[in-house]
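Below: the structure, in structure tokens.
Number of protein chains: 2
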Amino acid sequence: MVDILHRTGIKSSPAEVYAALTSTEGLAGWWTTDTQGKGNDLGGVLKFRFRAGGFDMKVLELDPGKRVLWEVVDGPAEWIGTHVVWDLDQADDYTIVLFKHQGWAEPVEFMHHCSTKWATYLMSLKSLIETGKGAPHPDDVMIDNWD
Amino acid sequence: MVDILHRTGIKSSPAEVYAALTSTEGLAGWWTTDTQGKGNDLGGVLKFRFRAGGFDMKVLELDPGKRVLWEVVDGPAEWIGTHVVWDLDQADDYTIVLFKHQGWAEPVEFMHHCSTKWATYLMSLKSLIETGKGAPHPDDVMIDNWD
Chain A
1 MVDILHRTGI KSSPAEVYAA LTSTEGLAGW WTTDTQGKGN DLGGVLKFRF
51 RAGGFDMKVL ELDPGKRVLW EVVDGPAEWI GTHVVWDLDQ ADDYTIVLFK
101 HQGWAEPVEF MHHCSTKWAT YLMSLKSLIE TGKGAPHPDD VMIDNWD
Chain B
148 MVDILHRTGI KSSPAEVYAA LTSTEGLAGW WTTDTQGKGN DLGGVLKFRF
198 RAGGFDMKVL ELDPGKRVLW EVVDGPAEWI GTHVVWDLDQ ADDYTIVLFK
248 HQGWAEPVEF MHHCSTKWAT YLMSLKSLIE TGKGAPHPDD VMIDNWD
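Listed in order, the protein sequences are those of chains A and B. Note that the first sequence ends on residue 147 in this note's numbering; no numbers are left out. Note that the second sequence ends on residue 294 in this note's numbering; no numbers are left out.
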């Protein structure tokens, strides 16, 4: 099993970052405008849609201001059963986001793509909170011939 | 051992991407303006400097238009002995860059940071080649409280 790892620091409170990871409005502001479901509903399913498909995430853990954990229950075969983990902490004037997309079976080329794409979405999350404007799909950053 | 993985697609030829990874002018255009050494000199050492230190990379493999491999010989303790690998291929109108920063001893928090930061530098490489303007240090994208 292999993992995608990222870290960003956002000049904001953990509560504000947590809200952007658990509210439909927040998620739609940095990941995809086509977001359905309740991110603050433990055991519920979030549906994220993009130009070429999407992901359904079951909300497995919610610790306000500290942690959000999703399990991928539908989407690309390589994603199903993987976990997306958001751990929040404070340092200096920042909320530190430690991100993990855990449990890939193999380090396939698609995983390389997703690692880079996640980084652009983390920058979108940071921008949304710090400036009020993110870059969610369909206005996301194009990184290669796949998306 | 754990690895950082990324993928980008650049609307350009493999030769042009290879040049940006092996010429001092190319490297200075997307990674850091403070680049010394010869990237096309097998066995030579490239010195990359940033606001908070830098990295010395020994050029271990050069396959024009296909592959560049560096070994980190000086820099942060976590980086020493790791390998940075650039594999190039063609797909559609793109040169595909498969990037690996291989051989981290542990998935420490600094590795999360470096994963995100590498993604922003890959976007800088893409931008340099597609538009003529990259975002090398000291004009790099700030991702968190560390850099």
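Ideal placement from N, C-alpha and C gives every residue a C-beta, glycine not left out. Owing to the predicted nature of the structure, the values given are computational and were not obtained by experimental measurement.
- The segment 196 to 215 of chain B makes no contact with the segment 94 to 112 of chain A: fewer than 3 CB pairs, one atom from each, lie closer than 8 Å.
- Listed in chain order, the non-local C-beta contacts of V84 (chain A) below 6 Å within the same chain comprise W70 and H101, local neighbours out to five positions each way being set aside.
- Relative to the Cα of G279 (chain B), the nearest Cα in the group B:K264, B:P285 and B:I157 belongs to B:I157.
- Burial is judged here by how many other beta carbons sit within 10 angstroms of a residue's own beta carbon; P138 (chain A) has fewer than 16 and is exposed.
- Counting C-beta pairs closer than 8 Å gives three or more between the segment 236 to 248 of chain B and the segment 157 to 170 of chain B, which meets the contact rule.
- Under the three-state reduction of DSSP output, K100 (chain A) falls in the strand class.
- Scanning chain B for C-beta atoms nearer than 9 Å to the C-beta of A119 (chain A) yields H153, S262, T263, K264, W265, A266, T267, L269, M270 and I290, reported in chain order.
- For Y241 (chain B), the chain A residues whose C-beta falls within less than 9 Å of its own C-beta are D144 and N145, listed in chain order.
- H112 (chain A) has a beta carbon lying within less than 9 Å of a beta carbon in chain B.
- For H112 (chain A), no pairing in a beta bridge is given by DSSP.
- No residue range can be given for G228 (chain B), since it is assigned to no beta strand (DSSP E) and is classified by DSSP as neither H nor E.
- In the three-state reduction of the DSSP assignment, T33 (chain A) falls in the coil class, being assigned neither a helical nor a strand state.
- Linking L122 (chain A) to V219 (chain B) through their CA atoms gives a straight-line distance of about 27 Å.
- With respect to the C-alpha of I276 (chain B), the residue from B:H153, B:V149 and B:A175 having the closest C-alpha is B:A175.
- Among the residues of chain B, those whose CB is under 8 Å from the CB of G9 (chain A) are I290, D291, N292 and W293, following chain order.
- For L193 (chain B), the closest Cβ of chain A is not nearer than 9 Å.
- Boundaries around E71 (chain A) are those of the beta strand (DSSP E), R67 to D74, since no alpha helix (DSSP H) includes it.
- The Cβ of F99 (chain A) sits closer than 9 Å to at least one Cβ of chain B.
- For Y268 (chain B), DSSP assigns no beta-bridge partner whatsoever.
- By the neighbour-count definition (other C-beta atoms within 10 Å, threshold 16), D41 (chain A) is an exposed residue.
- Annotated as proximal: F50 (chain A) and T32 (chain A), with beta-carbon spacing under 9 Å.
- For E163 (chain B), the enclosing alpha helix (DSSP H) stretches over residues P161 to T169.
- The beta carbon of P254 (chain B) falls within 9 Å of a beta carbon belonging to chain A, placing the residue at that interface.
- Inclusion of I143 (chain A) and T155 (chain B) in the CB contact set at 9 Å is warranted, their separation being smaller than that value.
- With respect to chain A, the C-beta atom of D286 (chain B) has no partner C-beta closer than 9 Å.
- Taking C-alpha positions only, L235 (chain B) is separated from G43 (chain A) by approximately 42 Å.
- Around P64 (chain A), the same chain offers Y18 as residues with beta carbons nearer than 7 Å, after the five sequence neighbours per side are excluded.
- No Cβ-Cβ contact shorter than 9 Å links A119 (chain A) with S271 (chain B).
- Under the 9 Å criterion on CB atoms, V149 (chain B) is classed as interfacial with respect to chain A.
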